[in-house]
Amino acid sequence: MLIKSPQSWEIPERLATSESVYLNRRQLAKAIAAGPIVAAAASMPFGAARAEEEAIEMANAQAAADPTLDLYPAPLNDAYADAGRSVTPEIDNLKYNNFYEFGSHKTIWQRAEDLKRRPWAVTFDGLVEEEKTVDIDTLIRAMNLKERVYRHRCVEAWSMVVPWTGFPLRDLVAFAKPLGSAKYVVMQTFEDSDMAPGQEQFWYPWPYTEGVTVEEAENDLAFMVTGAYGQPMANQFGAPLRLHLPWKYGFKSVKSIVRVTLTEERPTTFWKELVDTEYGFWANVNPDVAHPRWSQAEERVLGTNEKIPTVIYNGYGEQVASLYAGMEGENLFM
Ligand code: MTE
Numbered sequence: 004m005l006i007k008s009p010q011s012w013e014i015p016e017r018l019a020t021s022e023s024v025y026l027n028r029r030q031l032a033k034a035i036a037a038g039p040i041v042a043a044a045a046s047m048p049f050g051a052a053r054a055e056e057e058a059i060e061m062a063n064a065q066a067a068a069d070p071t072l073d074l075y076p077a078p079l080n081d082a083y084a085d086a087g088r089s090v091t092p093e094i095d096n097l098k099y100n101n102f103y104e105f106g107s108h109k110t111i112w113q114r115a116e117d118l119k120r121r122p123w124a125v126t127f128d129g130l131v132e133e134e135k136t137v138d139i140d141t142l143i144r145a146m147n148l149k150e151r152v153y154r155h156r157c158v159e160a161w162s163m164v165v166p167w168t169g170f171p172l173r174d175l176v177a178f179a180k181p182l183g184s185a186k187y188v189v190m191q192t193f194e195d196s197d198m199a200p201g202q203e204q205f206w207y208p209w210p211y212t213e214g215v216t217v218e219e220a221e222n223d224l225a226f227m228v229t230g231a232y233g234q235p236m237a238n239q240f241g242a243p244l245r246l247h248l249p250w251k252y253g254f255k256s257v258k259s260i261v262r263v264t265l266t267e268e269r270p271t272t273f274w275k276e277l278v279d280t281e282y283g284f285w286a287n288v289n290p291d292v293a294h295p296r297w298s299q300a301e302e303r304v305l306g307t308n309e310k311i312p313t314v315i316y317n318g319y320g321e322q323v324a325s326l327y328a329g330m331e332g333e334n335l336f337m
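Residue numbers for the sequence shown follow the working numbering, so the first one is 4 and each next one is one higher.
So, in structure tokens, the structure goes:
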């Protein structure tokens with residue numbers, strides 16, 4: 004898929020099938036609370052169809068029980084209405100995830116049902132005017148939720164397009180009230196191996212930690228996600244609060260955040276600590292810089308399995324390339 008100018012995400016063409024699922028969700032989000040919408044899966048083998056129904060029912064039940072359900076569907080941000088590719092069907096996204104806290108394989112959706120989404124609080128600390136811990140519902144209601152359709156490119160060379168709901172990361176930073184000396188925004192996932200058995204795998208450097216520079220955090224693309232497909236997001240997407248940085252490899256987009264720390268020092272991030280030679284701090288998408296073990300030239304589209312060329316900065320270069328001017332000495336693309 005080619006990314007066209009002037010603004011890569013504003014291409015009017017949308018494909019009908021997956022789009023209609025998502026548009027229906029926008030229209031019917033309130034009705035979802037009253038009962039599950041079951042996927043039409045008549046042509047599938049019984050077991051597969053049942054699993055699809057179960058995944059959709061589970062996601063809808065989680066959304067229906069969410070205290071912020073009334074905020075959905077949020078108004079669409081017109082600047083990010085179209086990612087230039089068709090939206091990934093929700094079911095494909097629900098059943099193919101990376102969430103190592105629940106297991107180091109893709110099918111963690113059932114295990115993630117154990118994620119306890121409430122009570123949930125986020126702590127703001129480090130170089131801030133005053134440390135504080137805020138209840139997630141208070142935090143979400145203090146923000147102006149909008150929907151944005153974003154591309155997502157995993158370092159493993161698969162990709163998807165998701166209608167996320169959330170608010171700009173810069174609004175979270177403003178909420179934290181950073182001191183002038185802060186240079187990095189660091190975010191961490193919960194730590195609770197009773198709830199998330201993947202965290203019993205002691206060789207991983209829990210808790211999952213990621214970070215960006217304050218300049219990256221101020222970029223309009225950097226997005227805090229609270230919902231997906233027109234409703235509060237499913238557990239496996241990283242409820243109740245995750246990051247999404249569409250120009251970087253997906254591992255930067257930390258899920259289920261409980262701590263936001265402002266620092267002067269660049270943080271040691273989860274994958275970099277685990278395999279320093281394969282996963283860097285910057286992790287900007289670049290088809291010309293191969294991962295040590297595989298090419299990054301192409302990506303497999305989740306849902307269709309089509310192979311398409313990968314684009315530098317995942318097609319968002321106009322918005323972010325200037326962030327890295329003069330930084331040629333850094334490993335910007337791993
Ligand atoms: N955040 C946490 N806490 N744990 C994880 O395992 N995986 C990352 C990222 N955030 C991960 C995480 C990776 S590698 C990717 S590609 C995306 O989440 C996957 O997001 P998805 O499951 O919604 O597709």
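All C-beta atoms in this analysis are idealised placements derived from N, C-alpha and C, irrespective of residue type, glycine included.
Taking only beta-carbon atoms, is Trp206 less than 9 Å away from chain C? Among the protein chains of the structure shown there is no chain C, as only one such chain exists.
By the DSSP assignment, the alpha helix (DSSP H) with Ala286 in it spans what residues? Residue mapping note: residue 286 aligns to position 283 of the sequence shown, counting from 1. Unbroken run through Ala286: none, as it is neither H nor E.
Consult DSSP for Phe102 and reduce its assignment to one of helix, strand or coil. As a first step, residue 102 must be located in the sequence shown, where it is residue number 99. Coil, per DSSP.
Spatially closest choice to Lys251 from Tyr99, Asp69, Ser107 and Met337, by CA coordinates: Start at 1 with the first residue of the sequence shown, and residue 251 comes out as number 248. It is Met337.
Three or more beta-carbon pairs under 8 Å between the region 54-70 and the region 159-179, yes or no? no
With a threshold of 6 Å on Cβ separation, who are the neighbours of Ser256 within its own chain once the five nearest residues in sequence on each side are excluded? Stepping through the sequence shown from its first residue, residue 256 is reached at position 253. So the list reads Leu246, His247 and Leu248, once near-sequence residues are dropped.
Distance check for Asp140 and Ala286, CA to CA, integer angstroms please. Position 283 of the sequence shown, counting from 1, holds the residue named residue 286. Position 137 of the sequence shown, counting from 1, holds the residue named residue 140. Each residue's Cα considered, the two are about 31 Å apart.
Please confirm whether any heavy atom of ligand 1 lies closer than 8 Å to the CB of Val189. The residue labelled residue 189 in the question sits at position 186 within the sequence shown. Outside the cutoff, so no.
Helix, strand or coil, according to DSSP, for Arg114 in the structure here? Position 111 of the sequence shown, counted from the start, is the residue given in the question as residue 114. Arg114: helix per DSSP, three-state reduction.
Rounding to the nearest angstrom, what Cα-Cα distance links Ala324 and Phe170 in this structure? Residue mapping note: residue 324 aligns to position 321 of the sequence shown, counting from 1. Residue mapping note: residue 170 aligns to position 167 of the sequence shown, counting from 1. Spanning the two alpha carbons is a distance of roughly 22 Å.
Please report the Cβ distance between Thr264 and Asp128, rounded to the nearest whole angstrom; I am assuming they are in contact, meaning their Cβ atoms lie under 8 Å. Walking along the sequence shown from the start, residue 264 turns up at place 261. Walking along the sequence shown from the start, residue 128 turns up at place 125. Yes, Thr264 and Asp128 are in contact; Cβ-Cβ is about 5 Å, under 8 Å.
Reduced DSSP secondary structure (H/G/I, E/B, other) of Lys251: Residue numbering aside, residue 251 sits at position 248 when the sequence shown is read from its first letter. Strand.
Less than 9 Å between the beta carbons of Gly201 and Phe273, yes or no? What you label residue 201 is simply residue 198 of the sequence shown in a count that begins at 1. What you label residue 273 is simply residue 270 of the sequence shown in a count that begins at 1. Contact: no.
Bridge partners of Met227, per DSSP? The sequence position of residue 227 within the sequence shown is 224, counting from 1. Beta-bridge pairing links Met227 to Phe170 and Leu246.
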